[in-house]
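Below you'll find the structure, written out as structure tokens, and then a few comments.
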Amino acid sequence: MTLSHKLEFEVEINAPSSKFFEMFHMKPYLLPKASPSNIQSCKLAKAERSWSTKELVEAIDEKNNSIIFKVEEGSDKLEYFKNFKTTIQSVSKEKGSLVHWTLEYEKTEEKNSENLQHSLMELFIALSKDIDAHLMDIESNKETLVAA
Numbered sequence: 751m752t753l754s755h756k757l758e759f760e761v762e763i764n765a766p767s768s769k770f771f772e773m774f775h776m777k778p779y780l781l782p783k784a785s786p787s788n789i790q791s792c793k794l795a796k797a798e799r800s801w802s803t804k805e806l807v808e809a810i811d812e813k814n815n816s817i818i819f820k821v822e823e824g825s826d827k828l829e830y831f832k833n834f835k836t837t838i839q840s841v842s843k844e845k846g847s848l849v850h851w852t853l854e855y856e857k858t859e860e861k862n863s864e865n866l867q868h869s870l871m872e873l874f875i876a877l878s879k880d881i882d883a884h885l886m887d888i889e890s891n892k893e894t895l896v897a898a
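Numbering (this note's numbering), first residue to last: 751 to 898.
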């Protein structure tokens, strides 16, 4: 028996939405540097962007700064889930951005479902904040170089 779940949440960041989106779309190789405690590696497989958890890019919407990842068969995640999809959209605000996360998954067992949702949310919030700090450091270093 599989049980479908959907978890949505938002994280406010200081970085521009286009830069946050770019990290996942064009520069995923920088994710381990931006958040080493959450992402250990990011490799390209078969000319597609792929994470060490074997997540493949399912869809990209550059106009709306949105990207959808789908877990590929053979991933360790599928030991716990029948399927797993992550949608990330970054939206510009007057100051900073809002990152909207949508996690859709089917678990093979209902055990610890509430704990799992909380853990997943904590992981992606921490990832968002790490990426934001990384992007703001880069921006700060650019300003320092220009001022010099």
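Note that CB positions come from ideal geometry on N, CA and C, so glycine has one too.
Counting only the Cα atoms, residue 832 lies some 24 Å from residue 774. Three or more pairs of CB atoms, one per stretch, sit closer than 8 Å, so the stretch 757-774 contacts the stretch 873-893.
Beta-bridge pairing by DSSP links residue 753 to 857. Judged by beta-carbon spacing, residue 820 lies within the 8 Å limit of residue 806, meaning their Cβ atoms are closer than that value. Between the alpha carbons of residue 836 and residue 809 lies a distance of about 11 Å. Look at residue 844 here: in three-state DSSP terms it is coil, with no helix or strand label. When only Cα atoms are considered, residue 757 and residue 869 end up about 11 Å apart.
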